[in-house]
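K.L.:
Please read through the structure below; I'll follow up with questions.
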Amino acid sequence: MFRKICLFFCLNYAVFIYFCEGLFFDFQFTMRKVSSFSKLTKYEKISWLAKNFLYESPVDVINNFAGFWYENVEIQKQFDGFSENTISNFHLPFGVAPNFLINGKDYVIPMVTEESSVVAAVSNAAKFWMERGGIEAEVIDTLKIGQVHFFYNGDAKKLKQYFTENSEALIQSTEDLTANMDKRGGGLRKLELLDMTHLEPYYFQFKASFETCDSMGANFINSVLEKLGSEFRKMTANSGQFQKPEEAIEINMCILSNYTPDCIVEAKVRCKIEDLGIVNGFAPQHFADKFTKAVRIAEIDVHRATTHNKGILNGIDSLVIATGNDFRAVESCIHTYASRDGQYRSLSKAWIENDYFNLSLKFPIALGTVGGLTTLHPLAKTSLQILGNPSAADLMKIAAAVGLMQNFAAVKSLTTTGIQLGHMKMHLTNIIAELKANMDEAKQIETYFSDKVISVSEVRNYLSRLRDSISPKTI
Ligand code: MEV
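This note's numbering puts the first residue of the sequence shown at 11, with every later residue one more than the last.
Quick look at the structure:
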């Protein structure tokens, strides 16, 4: 009730400011350029948007956005705080995929995705492999990388010598920042000076490797890098060895790298070919041959590789989003890894060896299970609870297992029934909803289209025939 009263007053206020805009606002805009936008209230922001970009009544626009606000004012405040200029929330479906058996432990996977078929397909694949011993997953390494990029126009040998003699002191200068992480078993593991002058004149780099335990560690890494950069500049300047103007270190930037080839995980499934059973009407050997050839195509053909890996990421991204991790970082890292030899290739491999069918997936991924959104977002917290509050390393294994199952599901469909059968079933559900068919009609539509090509117009025609046939006119 309180919320409705507030909304009523705010709507009236919004109408008022909509008409008075220009007279009372202390922000100015030319054309549609706006200043101090961030200082406006949510209602003022929406009214401005309504007037300048949507050309609709601010009341309608506010109602539209407000329809997606949380009832709980505190939760809404928290969501508003995750980003800037927030005017509403954008919802995506949160699903769960059961029947995952990873290293002998069963899991239900929380997945946030808007794409139909993804959760159904991965669940089927997980069940298929649960019945064949499950998925094996292993973390190969967990190191993350950060860089200090700098320019130095002096003698490279002298710089290298100075770094060798003083790198310990340089590392020690970051102790105030690394002490806590050290206690948790992490910290700065390695610091290297790289001479990059063969690529760009005067360009050098510190490449630092970090262990950040269960946190993604972005803030930690960036703070340490900035300290390394500024300390190194100071140390060299005060050393008396770099006196010439061209010997001054010019720090260009200090930032973590989202490419983490030493933070890597692998997941595998394997079974006797005959234990695959009949797969969508295909005999086991025939299925295994078709499957391995399809994965080989994704290794050698860049167009296929891109779609193949997109399928893998359907699963990984869904889990990454559900657990409040940074999916852009995950995506950019994985794509760099997929092109590490100069050509973009499949992340998975499939092969037949001694009558066994094998499928494996290996990729780098940096994830956190503490800190950031993983702790702040109420549903990310729940996702981690569903997974049994895993460590970051365990979450890496779960991500690899989900990617592997998504890949198995996609390639299995592609090489047997074709992908459209499954997609169209989900599509049919959406069409039924769109055409507002009732439950009886929906059942009849599903039966009728179980062996037919599905399109909106075909379903619409069938539904109108159905309705005509039972309308009083024809009785
Ligand atoms: C669709 O989102 C994903 C697939 O295209 C993946 C693939 O082709 O392997 C089905």
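No residue lacks a Cβ here, since even glycine has one placed at the ideal position from N, Cα and C. These numbers come from a predicted model, not from an experiment.
Have a look at ALA376, GLU284, ILE442, THR174 and flag the residue whose alpha-carbon is nearest the alpha-carbon of ILE274.
P.N.:
ILE274 has its Cα closest to that of ALA376, out of ALA376, GLU284, ILE442, THR174.
K.L.:
If we count Cβ pairs, one from each stretch, closer than 8 Å, do we get three or more for the segment 79–89 versus the segment 101–118?
P.N.:
Flag = no, the segment 79–89 and the segment 101–118 do not touch.
K.L.:
Between THR270 and chain D, is the shortest Cβ-Cβ distance under 7 Å, so that the two count as touching?
P.N.:
This model lacks chain D altogether; it includes just one protein chain.
K.L.:
Between LYS282 and the rest of its own chain, which residues show a CB-CB distance below 8 Å, the 5 nearest in sequence each way excluded?
P.N.:
Same-chain partners within the cutoff: ASP365, TYR366, PHE367.
K.L.:
May I have the straight-line CA-CA distance separating GLY91 from LYS254, to the nearest angstrom?
P.N.:
Whole-angstrom Cα-Cα distance: 48 Å.
K.L.:
So for ARG338, helix, strand or coil by DSSP?
P.N.:
Helix at ARG338.
K.L.:
For ARG355 and ARG42, I'd like the C-alpha separation in whole angstroms.
P.N.:
Using only the alpha carbons, I get a separation of about 44 Å.
K.L.:
DSSP has PRO211 in a bridge; who is on the other side?
P.N.:
Paired residues: none, contrary to the question.
K.L.:
With a 10 Å radius around its C-beta and 16 neighbouring C-beta atoms as the bar for buried, classify GLY250 as buried or exposed.
P.N.:
Per the 10 Å Cβ criterion, exposed.
K.L.:
Can you determine whether any heavy atom of the ligand MEV sits closer than 6 Å to the C-beta of ASN324, and answer yes or no?
P.N.:
Yes, the ligand MEV has a heavy atom inside 6 Å of this Cβ.
K.L.:
Which value, in whole angstroms, describes the spacing of the CA atoms of VAL44 and ASP70?
P.N.:
In a straight line, the C-alpha of VAL44 is about 22 Å away from that of ASP70.
K.L.:
For GLY287, tell me which candidate among ALA298, LEU169, ALA277, GLN353 has the shortest Cα-Cα distance.
P.N.:
Of ALA298, LEU169, ALA277, GLN353, the residue nearest in Cα terms is ALA298.
K.L.:
Measure the C-alpha to C-alpha separation of PHE292 and VAL305 and round it to an integer number of angstroms.
P.N.:
Those two C-alpha atoms are separated by around 17 Å.
K.L.:
Applying the 10 Å Cβ sphere with the 16-neighbour rule, what's the burial state of HIS313?
P.N.:
HIS313 should be labelled exposed.
K.L.:
Rounding to the nearest angstrom, what Cα-Cα distance links ILE112 and GLY144 in this structure?
P.N.:
Their Cα atoms are separated by approximately 6 Å.
K.L.:
Per DSSP, ASP90 forms a beta bridge with which residues?
P.N.:
DSSP lists no partner for ASP90.
K.L.:
Can the beta-carbon of ASN163 be found less than 7 Å from the beta-carbon of TYR213?
P.N.:
No, the Cβ-Cβ distance between ASN163 and TYR213 is not below 7 Å.
K.L.:
Restricting to Cα atoms, I'd like to know which of LEU102, ILE56, MET121 is closest to ALA332.
P.N.:
Considering only alpha carbons, the answer is MET121.
K.L.:
Are the segment 322–342 and the segment 403–416 touching by the rule of at least three beta carbon pairs closer than 8 Å?
P.N.:
Output reads yes: the segment 403–416 touches the segment 322–342.
K.L.:
GLU84: buried (16+ other C-beta within 10 angstroms of its C-beta) or exposed?
P.N.:
Looking at its Cβ environment, which holds fewer than 16 other Cβ atoms inside 10 Å, GLU84 is exposed.
K.L.:
Cutting at 7 Å between CB atoms, please list the residues of its own chain near PHE337, excluding the five before and the five after it.
P.N.:
So the qualifying residues of the chain are ASP327, VAL330, ILE331.
K.L.:
With a threshold of 7 Å on Cβ separation, who are the neighbours of PHE35 within its own chain once the five nearest residues in sequence on each side are excluded?
P.N.:
Low per-residue confidence applies at PHE35: pLDDT is 47, beneath 50, and the placement is therefore not dependable, though the value from the model is reported in the following sentence. So no residue of the chain qualifies.
K.L.:
Beta strand (DSSP E) containing TYR313: first to last residue?
P.N.:
Note on residue identity: the sequence assigns His, not Tyr, to residue 313. First-last for HIS313: 312–332, but that is the alpha helix (DSSP H), not the beta strand (DSSP E).
K.L.:
Give the DSSP-derived three-state secondary structure of LYS137 in the structure shown.
P.N.:
Reduced to three states, the DSSP call for LYS137 is helix.
K.L.:
Since ASP116 sits in a beta bridge, which residues does DSSP pair it with?
P.N.:
Beta-bridge pairing links ASP116 to LEU111.
K.L.:
Which same chain residues end up closer than 7 Å to PHE75 when comparing Cβ atoms and leaving out the 5 residues on each side of it in sequence?
P.N.:
Excluding sequence neighbours, PHE75 sits near ILE56, ILE97, SER98.
K.L.:
How many angstroms separate the CA atom of PHE47 from the CA atom of LYS61?
P.N.:
Going from the Cα of PHE47 to the Cα of LYS61 covers about 14 Å.
K.L.:
Alpha carbon to alpha carbon, how far is LEU198 from PHE301? Give it in angstroms, no decimals.
P.N.:
If I take the Cα positions, the gap works out to 43 Å.
K.L.:
Quick check: is any heavy atom of the ligand MEV less than 6 Å from the C-beta of THR317?
P.N.:
Yes, the beta carbon of THR317 sits closer than 6 Å to at least one heavy atom of the ligand MEV.
K.L.:
Is ARG475 buried or exposed, if buried means 16 or more other CB atoms sit within 10 Å of its CB?
P.N.:
ARG475 is exposed by the Cβ-count criterion.
K.L.:
Can you tell me which of the three DSSP states ASP36 falls into?
P.N.:
Confidence at ASP36 is low in this model, with a pLDDT of 44, below 50, so the placement of that residue should be treated as unreliable; the coordinate-derived value is given next. Of the three classes helix, strand and coil, the one that applies to ASP36 here is coil, per DSSP.
K.L.:
Secondary structure at TYR366, three-state DSSP: helix, strand or coil?
P.N.:
TYR366: strand per DSSP, three-state reduction.
K.L.:
Does DSSP classify ARG194 as helix, strand or coil?
P.N.:
Coil, per DSSP.
K.L.:
Tell me whether GLY321 counts as near the ligand ADP, meaning its Cβ is closer than 6 Å to at least one heavy atom of that ligand.
P.N.:
The model on display carries the ligand MEV but not the ligand ADP.
K.L.:
Mapping DSSP to helix, strand and coil, what is HIS5?
P.N.:
Residue 5 lies beyond the residue range present for the chain, which begins at 11 and ends at 485; the question has no answer from this structure.
K.L.:
Between which residues of its own chain and SER342 is the CB-CB distance below 7 Å, once the five residues before and five after are set aside?
P.N.:
Contacts found: ASN268.
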